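Numbering (this note's numbering), first residue to last: 44 to 385.
Okay, here's the thing in structure tokens:
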């Protein structure tokens with residue numbers, strides 16, 4: 044029953060690290076194998092899991108995974124989704140095997156940093172070949188490594204379409220909109236982006252969830268507010284995927300998994316990470332965001348723009364001091380999560 048086993052892995056890792064494993068490209072020999080019914084117990088699946096483990100950790104050293112959330116939406120100036128591919132979400136997942144803790148560090152897309160081998164620019168430009176000839180995954184990885192002084196072990200590139208389909212498959216997500224009623228239309232995007240949120244609880248389907256994750260202008264500090272929403276959404280999805288009912292959605296989830304995320308994890312490593320992920324509790328996942336300030340009038344490509352000037356020393360300390368030292372925000376987030384669960 045490799046089919047059930049593979050999907051169990053997807054769900055397990057998703058519980059551990061949210062968006063990183065919304066999906067991944069499964070090895071070809073395991074693709075397109077179906078089952079008629081889910082007749083294998085979780086214990087039996089765990090036994091199969093044990094047979095395929097490849098330790099993904101190197102001793103007690105943290106495992107660092109770079110997540111890139113990719114938006115392929117067409118716009119009026121770029122009608123090709125591949126040409127206009129942008130990294131709207133950049134997150135560094137640091138998993139500590141000895142302490143069994145996870146840090147999710149969000150890097151604002153407008154962060155003004157040195158692009159590896161070039162000068163300073165917004166960090167999401169490193170992925171764009173229209174800005175740099177060698178723009179893409181490798182340049183982005185090297186840029187993040189330089190900026191934070193870390194080694195990135197693995198990556199995952201997630202298409203936003205995966206979010207749409209997974210949220211629909213699990214029956215939607217309930218979010219609490221703590222602001223005034225909000226309506227926004229962006230007709231520069233093809234098709235137009237339409238956002239409508241009411242104060243209080245909103246039940247979102249997949250497309251509405253992605254639109255919610257794109258909200259920026261409703262917040263005083265646009266990108267930071269958006270990032271906090273993304274982090275909160277991950278924890279909501281974490282809870283949703285822990286539901287026993289989700290196990291019976293796994294055939295649908297696998298179809299999504301097989302299409303919309305690229306990663307360099309091999310099958311045995313995924314199995315090991317899935318097994319490890321079963322022991323991670325929600326309160327041991329800490330979300331962090333790089334701190335900085337808006338810097339206006341910066342000339343990029345002959346155009347004056349506003350960038351996010353981040354404190355590099357603070358950023359490095361945030362990463363290298365964890366888990367021995369957790370930021371005030373991380374502690375507050377943990378307390379908030381624990382209070383919600385009581």
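Glycine included, every Cβ here is placed at the ideal spot set by N, Cα and C. Just so we're clear, the structure is a prediction, and the values are computed from it rather than from any experiment.
- prompt: With distances taken from CA atoms, which of 213, 268, 147 and 340 is nearest residue 325?
  reply: 147
- request: May I have the straight-line CA-CA distance separating residue 337 from residue 351, to the nearest angstrom?
  value: It is roughly 5 Å from the alpha-carbon of residue 337 to the alpha-carbon of residue 351.
- prompt: Taking the C-alpha atoms as reference points, what is the distance between residue 170 and residue 178?
  reply: 5 Å
message: What does the alpha-carbon distance come out to for the pair residue 368 and residue 231?
response: 44 Å
message: Comparing C-alpha positions only, which one of 289, 114 and 130 sits nearest to residue 210?
response: 289
- request: Tell me, please, whether the stretch 174-192 touches the stretch 158-166 by the rule of three or more beta-carbon pairs shorter than 8 Å.
  value: Contact between the stretch 174-192 and the stretch 158-166 is present, because at least three Cβ pairs lie under 8 Å.
task: Out of 152, 110 and 145, point me to the one whose CA is closest to residue 134's CA.
output: 110
Where residue 221 sits in the DSSP three-state scheme: coil
- prompt: What are the residues that DSSP puts in a beta bridge with residue 149?
  reply: 134 and 332
field: Stretch-stretch touch, CB-based, cutoff 8 Å, three pairs: the stretch 257-266 with the stretch 210-219
entry: no
- request: Starting from residue 355, follow the alpha helix (DSSP H) in both directions and report where the run begins and ends.
  value: 355-363
- request: Leaving out five residues on either side along the sequence, give the residues of the same chain with a beta carbon under 7 Å from the beta carbon of residue 40.
  value: Past the edges of the chain, shown from 44 to 385, lies residue 40, and the structure says nothing about it.
message: Quick check: the Cα distance between residue 108 and residue 223, rounded to an integer number of angstroms?
response: Rounded to the nearest angstrom, the two C-alpha atoms are 36 Å apart.
field: Beta-carbon proximity list for residue 354, same chain, < 7 Å, skipping 5 on both sides
entry: Only 334 and 335 meet the Cβ criterion.
query: Leaving out five residues before and five after residue 339 in sequence, what residues of the same chain have Cβ atoms less than 7 Å from its Cβ?
result: 349
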